[in-house]
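For reference, the structure is listed below as structure tokens.
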């Protein structure tokens, strides 16, 4: 069960049949105002009648850098989830596929920047990092201490697949109930 050099699994997860080639879906979400939680949704145009799901191979989140303000700690946090959220998610959340954070810790005399993000590509031992069974995925962003509104852009890499009836029902129920 190994991946080839393109990151495409040689064996499909059981109960799924790949129905498209690997695609990348770009997105961008900006705060509605500085330091304000904002969420955007991206429609995958999946066909529930055909039991279509989206198998996520990798996620790349690129949050904007926080403002450098002397003596003020600032940050920009972002996440990508399979369900709607009321705050930026963490990897501990069941429906969170990726997070990325940019921080600046500042005193009056010096400042240090920090970045935290999930891998842009999964380890070779993973066939996929998540399955989206409902029509949308969601992107969240929030800043703190910034004078200007911040945002996040990125890409999701994956492919469409058709699920067997029992697998589809289980995936949808799991996604909705863990929201």
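Residue numbers (the working numbering): 2 to 180. Glycine included, each C-beta is placed from N, C-alpha and C at the ideal position. Quick caveat, the model's predicted, so the values are computed rather than measured.
In the DSSP assignment, find the unbroken beta strand (DSSP E) run with residue 168 in it and report its ends. Within the chain shown, residue 168 is the residue found at index 167, counting from 1. Careful: residue 168 lies outside any beta strand (DSSP E), inside the alpha helix (DSSP H) at 166-178.
Kindly indicate the opening and closing residues of the beta strand (DSSP E) around residue 18. Stepping through the chain shown from its first residue, residue 18 is reached at position 17. Unbroken beta strand (DSSP E) run through residue 18: 17-19.
Only counting runs of 3 or more residues, tell me where the beta strand (DSSP E) segments fall wholly within the region 92-168, in order along the chain. 97-107, 112-118, 131-133, 137-145 and 152-164
Just checking, does the region 16-25 make contact with the region 106-117 on the three C-beta pairs under 8 Å criterion? no
Going by C-alpha to C-alpha distance, which of 61, 15, 20 and 31 sits closest to residue 141? Numbered from its first residue, the chain shown carries residue 141 at position 140. Nearest C-alpha to residue 141: 31.
Whose C-alpha, out of 136, 37 and 132, is nearest the C-alpha of residue 14? For the purposes of this step, residue 14 is taken as residue 13 along the chain shown, with counting starting at 1. That would be 132, whose Cα lies nearest to the Cα of residue 14.
Per the DSSP calculation, residue 81 is bridged to which residue(s)? For this step, residue 81 is matched to residue 80 along the chain shown. Looking at the DSSP assignment, residue 81 forms a beta bridge with 99 and 140.
Could you please give the first and the last residue of the uninterrupted beta strand (DSSP E) stretch that includes residue 40? For the purposes of this step, residue 40 is taken as residue 39 along the chain shown, with counting starting at 1. Element bounds for residue 40: 39-44.
CA-to-CA distance, residue 95 to residue 54, given in whole angstroms: Sequence index remark: in the chain shown, residue 54 carries index 53 (1-based). Sequence index remark: in the chain shown, residue 95 carries index 94 (1-based). Approximately 17 Å between the Cα atoms of the pair.
Under 6 Å Cβ to Cβ from residue 159, same chain only, skipping five residues before and after it: list those, please. Position 158 of the chain shown, counted from the start, is the residue given in the question as residue 159. Within the same chain, residue 159 has close Cβ partners 55, 56, 57 and 58.
Rounded separation between residue 166 and residue 52 - CA only: Within the chain shown, numbered from 1, the residue matching residue 166 stands at position 165. Within the chain shown, numbered from 1, the residue matching residue 52 stands at position 51. Going from the Cα of residue 166 to the Cα of residue 52 covers about 7 Å.
Hey, could you find the ends of the beta strand (DSSP E) residue 57 is sitting in? Taking the chain shown and counting its residues from 1, the one referred to as residue 57 is at position 56. Element bounds for residue 57: 53-64.
Using alpha carbons as the reference points, say which of 110, 76, 80 and 67 lies closest to residue 40. If you number the chain shown from 1, residue 40 lands on position 39. Selected option, being the one with the closest Cα: 80.
Between residue 95 and the ligand GTP, is there a pair consisting of the residue's CB and a ligand heavy atom that are separated by less than 7 Å? What this structure holds is no ligand at all, so the ligand GTP is not there to describe.
Kindly indicate which residue of 84, 20 and 78 has the alpha-carbon position closest to the one of residue 138. Translated into the one-based positions of the chain shown, residue 138 becomes position 137. With distances taken between Cα atoms, residue 138 lies closest to 84.
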